[in-house]
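For the sequence shown, the UniProt record's numbering begins at 1 and goes up steadily by one.
Beta carbons: idealized from backbone N, C-alpha and C, even for Gly.
Owing to the predicted nature of the structure, the values given are computational and were not obtained by experimental measurement.
Reviewing the structure listed below.
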Amino acid sequence: ACVGSIRRRLDVGAGTILEAVLEATRLSEENLKIERT
Numbered sequence: 001a002c003v004g005s006i007r008r009r010l011d012v013g014a015g016t017i018l019e020a021v022l023e024a025t026r027l028s029e030e031n032l033k034i035e036r037t
C-alpha cells in the first residue's frame, strides 16, 4: 500500500526503485536470520 501511494505521487520509476530497494532489504534481513540460526 505504501509503495502504491508513492508510485501515484511520484513517477513510476521512483516507485519501482523503492520497491526494489525494499525487496533487497527484506532479503538481506532474511539471510541474516538464516545465518544466526
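Rounded to whole angstroms, what's the CA-CA distance from residue i to residue j? Just pull it up for me.
| i | j | result |
| --- | --- | --- |
| E30 | R36 | 10 Å |
| residue 40 | T25 | Residue 40 falls outside the range modelled here, since the chain spans only 1 to 37, and no answer is possible. |
| E19 | C2 | 10 Å |
| R8 | K33 | 33 Å |
| L27 | I17 | 15 Å |
| L10 | E23 | 19 Å |
| V21 | G15 | 10 Å |
Which residues bound the alpha helix (DSSP H) around residue i?
| i | result |
| --- | --- |
| T25 | V12 to R36 |
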